[in-house]
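Inspection log for the structure reproduced underneath, given as structure tokens.
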Amino acid sequence: MVDEIKKAKTGLIQITYAIVLFMVLWHLEGILAFAGKVIGLISPFLYGIAIAYVLNLLMRLFERLFSFMDRSKTFLVRRLKRPLSILCVFLTLVIIVVAWMVLAIPQLSSSVSNIAANMPEYVADVERFLNKTIDDLGLKGGFWKNISLNWNEMVTRAGQFISSIFPRVFAFTKNFTGFILNMATGILISIYMLANKEKLLLILRKLLYAWLPKRFCNRLVDICVVANRTFKGYFSGMIINALIVGAISFSGTVVLGIPNAFLLSMILGVMGLFPIIGPLLGSILSFIIVLLVVPEKALLFVILLVVIQELDNILIYPRVVGRSIGLGGIWILFALLLGGSLFGIVGTIAGIPAFAVIWTIVRKLTHNRLRKKDIVIEP
Numbered sequence: 001m002v003d004e005i006k007k008a009k010t011g012l013i014q015i016t017y018a019i020v021l022f023m024v025l026w027h028l029e030g031i032l033a034f035a036g037k038v039i040g041l042i043s044p045f046l047y048g049i050a051i052a053y054v055l056n057l058l059m060r061l062f063e064r065l066f067s068f069m070d071r072s073k074t075f076l077v078r079r080l081k082r083p084l085s086i087l088c089v090f091l092t093l094v095i096i097v098v099a100w101m102v103l104a105i106p107q108l109s110s111s112v113s114n115i116a117a118n119m120p121e122y123v124a125d126v127e128r129f130l131n132k133t134i135d136d137l138g139l140k141g142g143f144w145k146n147i148s149l150n151w152n153e154m155v156t157r158a159g160q161f162i163s164s165i166f167p168r169v170f171a172f173t174k175n176f177t178g179f180i181l182n183m184a185t186g187i188l189i190s191i192y193m194l195a196n197k198e199k200l201l202l203i204l205r206k207l208l209y210a211w212l213p214k215r216f217c218n219r220l221v222d223i224c225v226v227a228n229r230t231f232k233g234y235f236s237g238m239i240i241n242a243l244i245v246g247a248i249s250f251s252g253t254v255v256l257g258i259p260n261a262f263l264l265s266m267i268l269g270v271m272g273l274f275p276i277i278g279p280l281l282g283s284i285l286s287f288i289i290v291l292l293v294v295p296e297k298a299l300l301f302v303i304l305l306v307v308i309q310e311l312d313n314i315l316i317y318p319r320v321v322g323r324s325i326g327l328g329g330i331w332i333l334f335a336l337l338l339g340g341s342l343f344g345i346v347g348t349i350a351g352i353p354a355f356a357v358i359w360t361i362v363r364k365l366t367h368n369r370l371r372k373k374d375i376v377i378e379p
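Using UniProt numbering, the first residue of the sequence shown is number 1, and each one after it goes up by one.
Right under this line is the structure:
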């Protein structure tokens with residue numbers, strides 16, 4: 001009788017799951033639309049959580065620096081450690097932004113002015129190159145005669161293009177304004193979360209264990225511990241890696257006498273935060289700047305870029321970042337492409353550590369199942 005009741009319960013649960021799955025798939029479009037609205041409403045809180053998590057890495061450094069305040073006999077001094085650490089975090093960010101505005105923007109403006117001043121010469125060089133190529137290929141005369149330009153049609157199409165671009169510009173402006181507002185709200189929320197992180201985590205754990213099975217909560221906490229360790233190590237490593245690459249780039253450009261050293265090193269360092277694709281785009285962008293400003297030193301800069309990339313790929317990245325994720329090159333590329341295609345820039349940044357967490361959990365479960373089956377697979 002008991003076995004029959006268990007079988008009946010199991011069958012009922014399976015039928016219920018099947019019905020729920022069918023209903024979800026049947027109304028998938030509406031569910032996704034509703035989920036999108038919900039995410040849009042809570043996006044400031046999501047921004048706040050993300051900002052607080054990243055800034056917490058820097059806040060912990062300041063809390064260690066101010067750890068002497070914990071030994072004070074005055075209660076007010078002990079209570080000031082957290083607010084003082086948060087204040088130092090945002091002061092650090094302000095200093096970074098001001099330094100970028102003071103050092104990088106003038107160099108960028110100078111580079112643009114220099115490029116604009118030399119643009120007629122660049123155009124003339126390109127024109128001479130095209131004319132020489134056309135002469136060498138024997139296309140002169142007949143080639144240009146076969147090209148007919150309908151200026152009225154070009155003007156009409158240009159007007160249509162401009163008309164079609166206005167709604168997109170308006171939509172972009174609206175989305176960008178919403179993004180700025182969400183970020184501002186997220187920063188305020190992140191300040192509250194940083195100030196009360198232990199209390200918020202305690203409330204979350206109480207809610208989990210109160211409403212969900214204990215075994216499930218234990219597994220979820222284990223997953224969160226692995227995720228926190230992986231993400232913390234990854235983001236810390238990427239920031240340190242970017243700083244090292246930027247410092248090496250700055251030193252190399254100064255030694256080689258290449259102008260705009262701070263701007264070039266900032267481009268290479270910041271783009272290094274985006275795995276695989278970032279360093280390539282940063283190298284191309286910085287090379288174009290050097291080629292247009294000081295073309296006689298472009299070859300030296302290419303050699304410097306090759307040296308920096310080799311040092312980063314062989315020495316810096318594996319030691320600083322690689323140990324925190326435990327993924328091979330092919331899996332990093334897979335996680336990067338998958339995260340970027342699904343979630344854009346956010347997926348590009350967070351895709352690798354997220355996949356590393358999944359890989360760690362799957363590997364642990366696989367080893368446990370093999371051990372239970374008493375199976376040993378030799379490499």
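C-beta atoms are modelled at their ideal positions from N, C-alpha and C, and glycine is treated no differently.
Ile289: first and last residue of the uninterrupted alpha helix (DSSP H) it sits in: 277-293
Beta-carbon gap between Pro279 and Val306 smaller than 9 Å: no
7 Å CB neighbourhood of Lys81 in its chain, flanking five on each side removed: Glu63, Phe66, Met69, Asp70
Neighbourhood of Ala184 by C-beta, 6 Å cutoff - its chain only, sequence neighbours within 5 removed: none
Check whether Val357 and Thr230 have beta carbons under 9 Å apart: yes
Contact between the region 256-267 and the region 82-95 (3+ Cβ pairs under 8 Å): no
Euclidean distance between Cα positions of Leu58 and Val89: 6 Å
Three-state class that DSSP yields for residue 435 in the structure shown: There is simply no residue 435 to check, as the chain begins at 1 and stops at 379 in what is shown.
Closest residue to Ile332 among Ala210, Ile349, Ile316 (Cα-Cα distance): Ile349
Opening and closing residue of the alpha helix (DSSP H) in which Glu198 lies: 197-211
Backbone CA spacing between Val376 and Asn368 [nearest angstrom]: 11 Å
Three-state secondary structure (DSSP) of residue 404: Any property of residue 404 remains undetermined from this structure, which presents the chain solely from 1 to 379.
Beta-carbon spacing of Gly186, Leu46 below 9 Å: yes
Counted within 10 angstroms of its Cβ, other Cβ atoms place Pro353 as buried (16 or more) or exposed: buried
DSSP-derived helix/strand/coil call for Lys73: coil
Three-state class that DSSP yields for Val376 in the structure shown: coil
Pick from Tyr234, Arg363, Leu181, Tyr53 that is closest to Val321, judged by C-alpha positions: Tyr234
Backbone secondary structure at Ser148 - three-state DSSP: With a pLDDT of 47 at Ser148, under the threshold of 50, the modelled position of this residue cannot be trusted; read the value that follows with caution. It is coil, neither helix nor strand.
Buried or exposed by the 16-neighbour rule on C-beta atoms within 10 Å, applied to Ile308: buried
Contact check, Ala195 vs Ile86, beta carbons under 9 Å: yes
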